[in-house]
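Peer 1:
Chains as they are written, first to last, in this note's numbering: chain E, 8 to 587; chain P, 865 to 992.
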């Protein structure tokens, strides 16, 4: 655009650089009108001289080639282009209103423009001799095309940016489909249909017409009915967008409020991140123009953004489904009294809502009241799905191993063997507690596998740490574990807890661990309390300590020997019975 | 409580003729243990490999269960290559978590109660 670029500036009339040139032209015209054609002949522009009466006095060869020689000597109004004739009248008449320059579209729009044949021209008047006008015609066809394209491109870029913003604002699949359909029907076609990957035999759809809010639904239909649809829905390998014969469209593909007849239809896949995101079908009525190449390219650009948003939403939905399913299984059970022993549990998952926790507890009741029940509390290292999978595995394995609970160490060895894995060293620490009521006491066998020691709250207010030690399970080929036995008198409680409690960070300084000592001091005040109350007390204290900050999972299990009344036999020497 | 300011976890590498020393600083946890394992494995994979791998823990601020898992992963690598794995200047919290989890015996801990055991299952033998 180098040469026409100069003329553009001339047409704007604002460039001081051009002023001398104009003057030169005028001077030449005036000095030697007869040889004007010769001089203009070298000009790259069509030039015609029109006198005050509106008659074309002269034109240069370029103008002759453009407008034909017949124009010479004829009135401009009759033989010239109508827009140029009007321009001449306007230019010859009173001065053009100055407010034209204030037009927001810019002064360029104020220049005289029109078409000659298939091309666009800009006409610039310069004063000629005897009040006549010299018209310079510059071919601006290419410039105008470029300008139009630029404007269109800007609109599209704005639209794409807006589309990304709107699409990425939500991870809801339905909403993403609706927004995609609505945006496409507003900017790309008269109507748009987004089809998601089939769920069973049903295809989820979103319809939108002329930018109105989209409607969601499902149809039971075979994607094979629409050419190219099933390939596009598979998502991989990517297939190009495809024209389809409007006559072949099944009725379910047409939005209900699309009244016209479909003139053109194109099926564009929505490319996802390795997962099928869906397909966009664009429809235009018979009255509208079909899709040209640039529109198709643009539709693909839009489709790739919509596809990215939709597949992100779909992946998220899948992930939260999986998490929900796992969570349902992983939720700690509600604990009650089993075979004359009180069990109470408390679980507070970590503040990261989407992450499945790694703490767990279970109580497997003994098969008869004389058999020991097995309580398990553990902590799996890490978080998220990996931790959740490991937690599930441990709980299942331990449940299967309950018949072996008479030998905790053996049970832990078997569990360790089941968990060992060459890929990683994710481990679990846990406490096993075999619990059996004997008369009014509760007999405990406790084994820690790399876990914080259980604490026993005695009736005299002491808090005793049970000295059981062992190796964590799941990471090392050989483990060791020592079992410790103890009895609970009525009212005494044994507390199993995970380090989420003692490692709660907070306190007055905000960065202090809750710690084992603080826990033991708190428990010392819980003598004689029911197990559920002890659990609640510890949870409250740890939560207050946290000030709602970031924390790990916290799990607690209290095993309590119920307070009993000795219904002694009359002589006071026989065994008697106990209530509760 | 506002989020604690967390200094970045760093691993400084000092390679000597027989021993490689990694200086750990910061929090060894869920987010950082992979980095330590990668560094340590890279050192072990060198040819010729070191005879001793020393993890200097004096700059460590925290070690959670994922940190222990990382140390166990490194231990797997050193055991299979017959390399001694040292934990130098372990802070109290590190000794504690290794004690509770029953894993202290796997490492050569400097200072009091230094024990060395590279073969699984053999009883701890005092040394130095």
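We treat Cβ as the ideally placed atom computed from N, Cα and C, and that holds for glycine.
1. Can you tell me which of E:208, E:94, E:543, E:220 puts its alpha carbon nearest to the alpha carbon of residue 199 of chain E?
2. On the CB-based measure, 16 or more other CB atoms within 10 Å of its CB, does residue 280 of chain E come out buried or exposed?
3. Need the endpoints of the alpha helix (DSSP H) that residue 226 of chain E sits in, please.
4. Mind checking residue 329 of chain E: buried by the 16 CB within 10 Å criterion, or exposed?
5. From the DSSP output, read off the bridge partner residues of residue 923 of chain P.
6. Quick check: the segment 479–487 of chain E against the segment 540–550 of chain E, are there 3 or more CB pairs under 8 Å?
7. Does the beta carbon of residue 850 of chain P sit closer than 8 Å to a beta carbon anywhere in chain E?
8. Taking the C-alpha atoms as reference points, what is the distance between residue 298 of chain E and residue 252 of chain E?
9. Start and end of the beta strand (DSSP E) containing residue 156 of chain E?
10. Can you list, in chain order, the residues of its chain with a C-beta nearer than 7 Å to that of residue 965 of chain P? Leave out the 5 residues immediately preceding and following it.
11. With distances taken Cα to Cα, identify the nearest neighbour of residue 86 of chain E among E:388, E:400, E:63.
12. Here's the rule: buried if 16 or more other CB atoms are within 10 angstroms of the residue's CB, otherwise exposed. What is residue 895 of chain P?
13. Answer with buried or exposed for residue 331 of chain E, where buried requires no fewer than 16 other C-beta atoms within 10 angstroms of its C-beta.
14. Whose CA, out of E:169, E:523, E:99, lies closest to the CA of residue 138 of chain E?
15. For the candidate residues E:425, E:412, E:433, whose alpha-carbon lies nearest to that of residue 453 of chain E?
16. Within its chain, find whatever has a CB closer than 6 Å to the CB of residue 889 of chain P; leave out the 5 residues flanking it on each side and keep chain order.
17. Is the distance from the Cβ of residue 277 of chain E to the Cβ of residue 317 of chain E below 8 Å?
18. If you count every other CB in all the chains shown that lies within 10 Å of the CB of residue 588 of chain E, and 16 or more means buried, which is it?
19. Between residue 449 of chain E and residue 348 of chain E, how many whole angstroms is the CB-CB distance? I'm expecting something under 8 Å.
20. Any Cβ of chain P within less than 8 Å of the Cβ of residue 459 of chain E?
21. Please name the residues in the segment 444–457 of chain E whose beta-carbon is closer than 7 Å to at least one beta-carbon of chain P, in chain order.
22. Output the residue ranges of the alpha helix (DSSP H) runs that lie fully inside the segment 340–409 of chain E and measure 4 residues or longer, sorted by chain position.
23. Rounded to whole angstroms, what's the CA-CA distance from residue 925 of chain P to residue 956 of chain P? Just pull it up for me.
24. Terminal residues of the continuous alpha helix (DSSP H) containing residue 191 of chain E?
25. Going straight from the alpha carbon of residue 257 of chain E to that of residue 264 of chain E, what length do you get?
26. Between residue 125 of chain E and the ligand ATP, is there a pair consisting of the residue's CB and a ligand heavy atom that are separated by less than 7 Å?
27. Going by DSSP, which residues form a beta bridge with residue 275 of chain E?
28. Any C-beta of chain E within less than 7 Å: which residues of the segment 960–971 of chain P qualify?
29. Take residue 535 of chain E as the anchor and find which of E:95, E:468, E:223, E:444 has the nearest alpha-carbon.
30. In whole angstroms, what separates the C-alpha of residue 401 of chain E from that of residue 562 of chain E?
31. Across which residues does DSSP place residue 134 of chain E in a beta bridge pair?
32. Given a cut-off of 8 Å, decide if residue 464 of chain E and residue 519 of chain E are closer than it, judged by their beta-carbon atoms.
33. So is residue 937 of chain P buried or exposed if we call it buried at 16+ other beta carbons inside 10 Å?
34. Buried or exposed: where does residue 124 of chain E fall if 16 or more other Cβ atoms within 10 Å of its Cβ makes it buried?
35. May I have the straight-line CA-CA distance separating residue 485 of chain E from residue 424 of chain E, to the nearest angstrom?
36. Would you report the Cα separation of residue 408 of chain E and residue 421 of chain E, rounded to the nearest angstrom?
Peer 2: By the coordinates alone:
1. Here residue 199 of chain E refers to the residue found at position 192 of the first chain. Among E:208, E:94, E:543, E:220, the Cα nearest to that of residue 199 of chain E belongs to E:220.
2. Taking the first residue of the first chain as position 1, residue 280 of chain E is located at position 273. Answer is exposed; the Cβ neighbour count stays below 16.
3. If you number the first chain from 1, residue 226 of chain E lands on position 219. Looking at the DSSP string, residue 226 of chain E is not in any alpha helix (DSSP H); the run it does join, the beta strand (DSSP E), is 222–227.
4. Position 322 of the first chain, counted from the start, is the residue given in the question as residue 329 of chain E. Exposed, since its Cβ has fewer than 16 Cβ neighbours within 10 Å.
5. Residue numbering aside, residue 923 of chain P sits at position 59 when the second chain is read from its first letter. In DSSP, residue 923 of chain P forms a bridge with P:889.
6. The segment 479–487 of chain E vs the segment 540–550 of chain E: no contact.
7. Residue 850 of chain P is absent from the structure shown; chain P starts at 865 and stops at 992.
8. Residue numbering aside, residue 298 of chain E sits at position 291 when the first chain is read from its first letter. Residue numbering aside, residue 252 of chain E sits at position 245 when the first chain is read from its first letter. Straight-line Cα distance between these residues: approximately 13 Å.
9. The residue you call residue 156 of chain E lines up with position 149 of the first chain. It is not in any beta strand (DSSP E) - residue 156 of chain E instead sits in the alpha helix (DSSP H) that spans 148–175.
10. In the second chain, the residue the question calls residue 965 of chain P occupies position 101. Once the five neighbours on either side are set aside, the close Cβ partners of residue 965 of chain P are 932.
11. Position 79 of the first chain holds residue 86 of chain E. Of E:388, E:400, E:63, the residue nearest in Cα terms is E:63.
12. To locate residue 895 of chain P, count along the second chain from 1; it is residue 31. Residue burial is scored here from C-beta neighbours: residue 895 of chain P has fewer than 16 other C-beta atoms within 10 angstroms and is therefore classed as exposed.
13. Position 324 of the first chain holds residue 331 of chain E. Residue 331 of chain E is exposed by the Cβ-count criterion.
14. In the first chain, residue 138 of chain E corresponds to position 131, counting from 1. Minimum Cα distance to residue 138 of chain E is reached at E:99.
15. Your numbering for residue 453 of chain E matches position 446 in the first chain. It is E:412.
16. Within the second chain, residue 889 of chain P is the residue found at index 25, counting from 1. Excluding positions up to five away in sequence, the list reads 874, 923.
17. For the purposes of this step, residue 277 of chain E is identified with residue 270 of the first chain, where counting begins at 1. For the purposes of this step, residue 317 of chain E is identified with residue 310 of the first chain, where counting begins at 1. In terms of Cβ geometry, residue 277 of chain E and residue 317 of chain E form a close pair [threshold 8 Å].
18. Given that chain E is displayed from residue 8 to residue 587, the structure contains no residue 588 of chain E and the question cannot be resolved.
19. Indexing the first chain from 1 puts residue 449 of chain E at position 442. Indexing the first chain from 1 puts residue 348 of chain E at position 341. Residue 348 of chain E and residue 449 of chain E do touch by the CB rule: their CB atoms are close to 5 Å apart, below 8 Å.
20. On the first chain, position 452 is the one that residue 459 of chain E refers to. Residue-level contact by beta carbon holds for residue 459 of chain E and chain P, with a gap shorter than 8 Å.
21. Within the segment 444–457 of chain E, the qualifying residues are 457.
22. Fully enclosed alpha helix (DSSP H) runs of 4 or longer: 391–408.
23. Counting from one through the second chain, the residue named residue 925 of chain P turns up at place 61. Counting from one through the second chain, the residue named residue 956 of chain P turns up at place 92. Across the structure, residue 925 of chain P and residue 956 of chain P are spaced so that their CA atoms are roughly 10 Å apart.
24. As a first step, residue 191 of chain E must be located in the first chain, where it is residue number 184. That run of the alpha helix (DSSP H) goes 180–194.
25. By one-based count along the first chain, residue 257 of chain E stands at place 250. By one-based count along the first chain, residue 264 of chain E stands at place 257. One C-alpha to the other measures close to 15 Å.
26. Absence of the ligand ATP from the depicted structure is noted, as is the absence of any ligand whatsoever, leaving it without description.
27. Here residue 275 of chain E corresponds to residue number 268 of the first chain, with the count starting at 1. DSSP lists E:287 as partners of residue 275 of chain E.
28. Within the segment 960–971 of chain P, 964, 965, 966, 967 place their CB atoms closer than 7 Å to a CB of chain E, listed in sequence order.
29. Within the first chain, numbered from 1, the residue matching residue 535 of chain E stands at position 528. The option with the nearest alpha carbon to residue 535 of chain E is E:468.
30. On the first chain, position 394 is the one that residue 401 of chain E refers to. On the first chain, position 555 is the one that residue 562 of chain E refers to. Straight-line Cα distance between these residues: approximately 16 Å.
31. Along the first chain, one-based indexing puts residue 134 of chain E at 127. Bridge partners of residue 134 of chain E: E:140.
32. For the purposes of this step, residue 519 of chain E is taken as the residue at position 512 of the first chain. For the purposes of this step, residue 464 of chain E is taken as the residue at position 457 of the first chain. No, the Cβ-Cβ distance between residue 519 of chain E and residue 464 of chain E is not below 8 Å.
33. Position 73 of the second chain, counted from the start, is the residue given in the question as residue 937 of chain P. Classification for residue 937 of chain P: buried.
34. Start at 1 with the first residue of the first chain, and residue 124 of chain E comes out as number 117. Looking at its Cβ environment, which holds fewer than 16 other Cβ atoms inside 10 Å, residue 124 of chain E is exposed.
35. Your numbering for residue 485 of chain E matches position 478 in the first chain. Your numbering for residue 424 of chain E matches position 417 in the first chain. Rounded to the nearest angstrom, the gap between the Cα atoms of residue 485 of chain E and residue 424 of chain E is 9 Å.
36. Counting from one through the first chain, the residue named residue 408 of chain E turns up at place 401. Counting from one through the first chain, the residue named residue 421 of chain E turns up at place 414. A direct Cα-to-Cα measurement between residue 408 of chain E and residue 421 of chain E gives close to 8 Å.
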